[in-house]
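Undergrad:
In UniProt numbering, the protein residues as written are 1 to 273.
1. Report the rounded CA-to-CA distance for residue 156 versus residue 183, giving the unit in angstroms.
2. By the DSSP assignment, the beta strand (DSSP E) with residue 116 in it spans what residues?
3. What does DSSP give as the partner residue(s) for residue 106 in the beta ladder?
4. Whose C-alpha, out of 50, 68, 97 and 212, is nearest the C-alpha of residue 178?
5. My understanding is that residue 114 touches residue 85, with C-beta atoms under 8 angstroms, so please give their C-beta distance in whole angstroms.
6. Indicate the three-state DSSP secondary structure (helix, strand or coil) for residue 63 in the structure shown.
7. Considering only residues of the region 217-271, which uninterrupted beta strand (DSSP E) runs meet the minimum length of 3 residues and lie entirely inside it, listed in chain order?
8. For residue 131, which option in 61, 243, 153 and 198 has the closest C-alpha, if you only look at C-alpha atoms?
9. Cβ of residue 92 within 9 angstroms of Cβ of residue 202?
10. Is the distance from the Cβ of residue 47 to the Cβ of residue 58 below 9 angstroms?
11. Does DSSP put residue 173 in a helix, a strand or coil?
12. Using a 10 Å radius around the Cβ and a threshold of 16 neighbouring Cβ atoms, would you call residue 170 buried or exposed?
13. Do residue 118 and residue 104 have their C-beta atoms closer together than 9 angstroms?
14. Comparing alpha-carbon positions, which option in 52, 36 and 75 lies nearest residue 65?
15. Using C-beta distances below 6 angstroms, list every residue in its chain close to residue 17, excluding the 5 sequence neighbours before and after it, in chain order.
16. Bridge partners for residue 92 per DSSP, in chain order?
17. Can the beta-carbon of residue 221 be found less than 9 angstroms from the beta-carbon of residue 4?
18. Would the beta-carbon of residue 267 fall within 9 angstroms of that of residue 200?
19. Considering only C-alpha positions, which residue in the set 166, 225, 231 and 245 is nearest to residue 260?
20. Where does the unbroken beta strand (DSSP E) through residue 79 begin, and where does it stop?
21. Please state the DSSP three-state secondary structure of residue 179.
22. Tell me which residues share the same chain as residue 29 and place their Cβ nearer than 7 angstroms to its Cβ, disregarding the 5 neighbours each side in the sequence.
23. Between residue 52 and residue 229, what straight-line distance do the alpha-carbon atoms span, to the nearest angstrom?
24. Suppose you measure from the CA of residue 45 to the CA of residue 33; what does that come to, to the nearest Å?
25. Would residue 230 count as contacting chain B if we go by Cβ distances under 9 angstroms?
26. Whole angstroms are fine: how far does the CA of residue 19 sit from the CA of residue 158?
27. Taking residue 37 as part of the alpha helix (DSSP H), name the residues at either end of that continuous run.
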């Protein structure tokens, strides 16, 4: 995983949270917590039956995750819209990365499993949630490509769509960083390359009226807690737009660099000028 991206321009200081903001923090936070952790408990109970019966297949629990992600935007008051169509095939989805909100934004319109750096597995709280929802943990090293490819084959054979953030870090939501090609090497190994579909997806955040255009971006040394409070406290929220580009087949590209370049071009091309 690359080091956190740093902007040349420091984030605009956020005004102190007032009484209305704190009321929204308590109200939205409580509802979001109940929905998230209540459904997580339900997911774990269902998984007790689903796992021995279905193994790596998850015919039920992804619907619970998707429900939580859709509900999150209603609770927060953030408008969520979609352009294009999620692919039906199992395969890889690659998207730009701007915020922790991406997890909700990308899960809401489709049933997917995130691919994350291996260290996240041991993070307090977040690692546990990631494991429960079927996240795939990998070491982002070229020499691990063969092992990763076999892991991807197993999951995709079960019809899973695995979502990657090829930038390797989150940004301020106003740009797309160059895609790292090491992840794409796993897509080019046989037999995965022969049948793998890859769909580029662009995540575009629109800040609340009057707010810093980078309002939803999460980067640099920002801590999760203060960023979450800022979002919860905002009376009038902005929006997030998910753009699904046509999927491509890995076998149509000569190498990982060509595939990465194509996906990066599509993702960047949907950003507002």
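All residues carry an ideal CB built from backbone N, CA and C; glycine is no exception.
Fair warning: this is a prediction, and the values are worked out from it, not measured in the lab.
TA: To lay it out plainly:
1. Counting from one through the chain shown, the residue named residue 156 turns up at place 156. Counting from one through the chain shown, the residue named residue 183 turns up at place 183. The alpha-carbon atoms of residue 156 and residue 183 are separated by roughly 15 angstroms.
2. The sequence position of residue 116 within the chain shown is 116, counting from 1. That run of the beta strand (DSSP E) goes 113-117.
3. In the chain shown, counting from the first residue as 1, residue 106 sits at position 106. Bridge partners of residue 106: none, in fact.
4. On the chain shown, residue 178 is found 178 positions in, with the first residue counted as 1. Per the Cα distances, 97.
5. As a working mapping, residue 114 is identified with position 114 in the chain shown. As a working mapping, residue 85 is identified with position 85 in the chain shown. At roughly 20 angstroms, the Cβ-Cβ gap does not stay under 8 angstroms, so residue 114 and residue 85 are not in contact.
6. As a working note, residue 63 is residue 63 in the chain shown. It is helical.
7. Correct list: 239-244.
8. Along the chain shown, read from residue 1 onward, the residue named residue 131 stands at position 131. Ranking the options by Cα distance to residue 131, first place goes to 61.
9. As a position in the chain shown, residue 92 is number 92, starting the count at 1. As a position in the chain shown, residue 202 is number 202, starting the count at 1. Taking 9 angstroms as the cut-off, the Cβ atoms of residue 92 and residue 202 do not count as close.
10. Within the chain shown, numbered from 1, the residue matching residue 47 stands at position 47. Within the chain shown, numbered from 1, the residue matching residue 58 stands at position 58. Yes, these two residues count as a Cβ contact at 9 angstroms.
11. Taking the first residue of the chain shown as 1, we reach residue 173 at position 173. In the structure shown, the three-state DSSP call for residue 173 is coil.
12. Along the chain shown, read from residue 1 onward, the residue named residue 170 stands at position 170. Sixteen is the threshold: when 16 or more other Cβ atoms of the shown chains lie within 10 Å of the Cβ of residue 170, as they do, the residue is buried.
13. Here the question's residue 118 lines up with position 118 in the chain shown. Here the question's residue 104 lines up with position 104 in the chain shown. No.
14. Locating residue 65 in the chain shown gives position 65, where the first residue counts as 1. Checking every option, the nearest Cα to that of residue 65 belongs to 36.
15. Here residue 17 refers to the residue found at position 17 when the chain shown is read from its first residue. Excluding positions up to five away in sequence, the list reads 233.
16. As a first step, residue 92 is located in the chain shown; it is residue number 92 there, counting from the start. Bridge pairing for residue 92: 162 and 198 [DSSP].
17. For the purposes of this step, residue 221 is taken as the residue at position 221 of the chain shown. For the purposes of this step, residue 4 is taken as the residue at position 4 of the chain shown. Yes, Cβ-Cβ distance for residue 221 and residue 4 is below 9 angstroms.
18. Against the chain shown, residue 267 aligns to sequence position 267. Against the chain shown, residue 200 aligns to sequence position 200. In contact: residue 267 and residue 200 (Cβ atoms closer than 9 angstroms).
19. Residue mapping note: residue 260 aligns to position 260 of the chain shown, counting from 1. With distances taken between Cα atoms, residue 260 lies closest to 166.
20. Indexing the chain shown from 1 puts residue 79 at position 79. Here the beta strand (DSSP E) through residue 79 covers 79-83.
21. Within the chain shown, residue 179 is the residue found at index 179, counting from 1. If DSSP states are grouped into helix, strand and coil, residue 179 belongs with coil.
22. Your numbering for residue 29 matches position 29 in the chain shown. 232, listed in sequence order.
23. For the purposes of this step, residue 52 is taken as the residue at position 52 of the chain shown. For the purposes of this step, residue 229 is taken as the residue at position 229 of the chain shown. Rounded to the nearest angstrom, the two C-alpha atoms are 39 angstroms apart.
24. The count along the chain shown starts at 1 and reaches residue 45 at position 45. The count along the chain shown starts at 1 and reaches residue 33 at position 33. Those two C-alpha atoms are separated by around 18 angstroms.
25. Protein chain content of the structure displayed is limited to a single chain, and chain B is not contained in it.
26. Working through the chain shown from its first residue, we reach residue 158 at position 158. Working through the chain shown from its first residue, we reach residue 19 at position 19. So the alpha carbons of these two residues sit roughly 49 angstroms apart.
27. Here the question's residue 37 lines up with position 37 in the chain shown. Counted as a single uninterrupted DSSP element, the alpha helix (DSSP H) harbouring residue 37 occupies residues 19-54.
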